[in-house]
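Numbering (full-length UniProt numbering) for the sequence shown: 183 to 408. What follows is a short report on a single structure.
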Amino acid sequence: EQISAEKARLQGKKVVVTAGGTVERIDPVRYITNDSSGKMGIAIAKAARDMGAHVHLIAGNTQVEIPEGITVTKVQSAQDMYEAVMEVWEQTDLLVKAAAVADYRPKNKVDQKMKKSGSEMTLELVKTIDILETLGSKKKNQFLIGFAAETNDVEKYAIDKLHRKNCDLLVANDVTQDGAGFGTDTNSVFIFDKNGLVEQLSLLPKEEVARRLLLIAADRMAEVSS
Ligand code: CTP
Ligand code: CA
């Protein structure tokens, strides 16, 4: 009975998940990215599908196989991801921002392969748009879940991001812990809301972290709408 009820926990809800790392082009053959594998976000997309949601995955760089039964938009840069998210934002019930978005991108767009010259070179970078913060400031009825990968002072930074980006929940992981963070099949996370720690999930498969996170979100979304 628990299982069948769980299968309908997000029935009919429109869920948008961003996953993977963004790719910021330097020139036609070089780019800046990060270690995000996309596993956590894709596990969330799959778990949401299994709870009856209509799922739209906006995926940056990832090698993970995309599950069946979800809509996918592939993107490269932070700007592309922002535009893809904005196209679906109005109709979104739950947005999960699991992607690792580059904070900076090369300032200049270079259409030809850069040639080497001196013994040093400087690459100028400019800030990307903060997608989550922008969504947080536009939020109406959407339930917003942010992520934070930290190496130190996890709680302090997580709570700060939750407030700054106006998230309903923020999932923080200490990427220095064994079996947590980039590329692993497991994760250890702290889930915060505006009142503090909601739940700590230690060293669980990413599928299970995804499932438990979505059950918390589904409960809270049901409270608001009832
Ligand atoms: N994020 C985003 N757009 C950006 C940067 C981050 O939407 N340009 C989102 C991430 O997808 C994540 C959350 O913001 O859900 C936190 O990302 P994180 O890198 O931990 O936080 P930053 O605000 O970028 O701060 P810093 O990297 O300095 O810790
Ligand atoms: Ca960042």
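All C-beta atoms in this analysis are idealised placements derived from N, C-alpha and C, irrespective of residue type, glycine included.
Can you tell me the Cα-Cα spacing of residue i and residue j, whole angstroms?
| i | j | result |
| --- | --- | --- |
| G318 | N348 | 5 Å |
| N334 | T204 | 23 Å |
| G365 | R212 | 22 Å |
| H354 | K289 | The sequence shown places Ala at residue 354, not His. Answer to the nearest angstrom: the Cα atoms are 30 Å apart. |
| E269 | N377 | 31 Å |
| K321 | S299 | 48 Å |
| D312 | V199 | 16 Å |
| L379 | H238 | 28 Å |
| L397 | Q359 | 25 Å |
| W271 | K196 | 10 Å |
| A187 | E247 | 27 Å |
| K388 | R191 | 19 Å |
Going along the chain, which residues of its own chain have a beta-carbon closer than 6 Å to the beta-carbon of residue i, five neighbours each way excluded?
| i | result |
| --- | --- |
| N216 | G203, A282 |
| A392 | A225, I226, A229 |
| D209 | V292, K295, M296 |
| D350 | F325, L326 |
| Q245 | none |
| V278 | V199, I226, I327 |
| M403 | F325 |
Can you list, in chain order, the residues of its chain with a C-beta nearer than 8 Å to that of residue i? Leave out the 5 residues immediately preceding and following it.
| i | result |
| --- | --- |
| L352 | I327, G328, F329, A330, A340, I341, K343, L344, I373, F374, D375 |
| A260 | T204, E206, V283, A284, R287, T310, I311, I313 |
| E332 | Y339, A340, A354, N355, D356, V357 |
| A362 | N355, D356, T368, N369, S370, V371, L385 |
Where DSSP assigns a beta bridge to residue i, which residues make up the other side?
| i | result |
| --- | --- |
| F374 | L352, L379 |
| E332 | D356 |
| L385 | Bridge partners of L385: none, in fact. |
| F325 | L276 |
| G203 | N243, A282 |
| H345 | DSSP, once it has assigned bridges, lists no residue as partnering H345. |
Please classify residue i as buried or exposed, where buried requires at least 16 other C-beta atoms within 10 Å of its C-beta.
| i | result |
| --- | --- |
| E302 | exposed |
| V308 | exposed |
| V406 | exposed |
| A399 | buried |
| N243 | buried |
Just to confirm my understanding: we take residue i, look at its own chain, exclude 5 residues before and 5 after, and list those with CB closer than 7 Å. What are they?
| i | result |
| --- | --- |
| G251 | R231 |
At least 3 beta-carbon pairs within less than 8 Å: the region 222-230 vs the region 256-266: no
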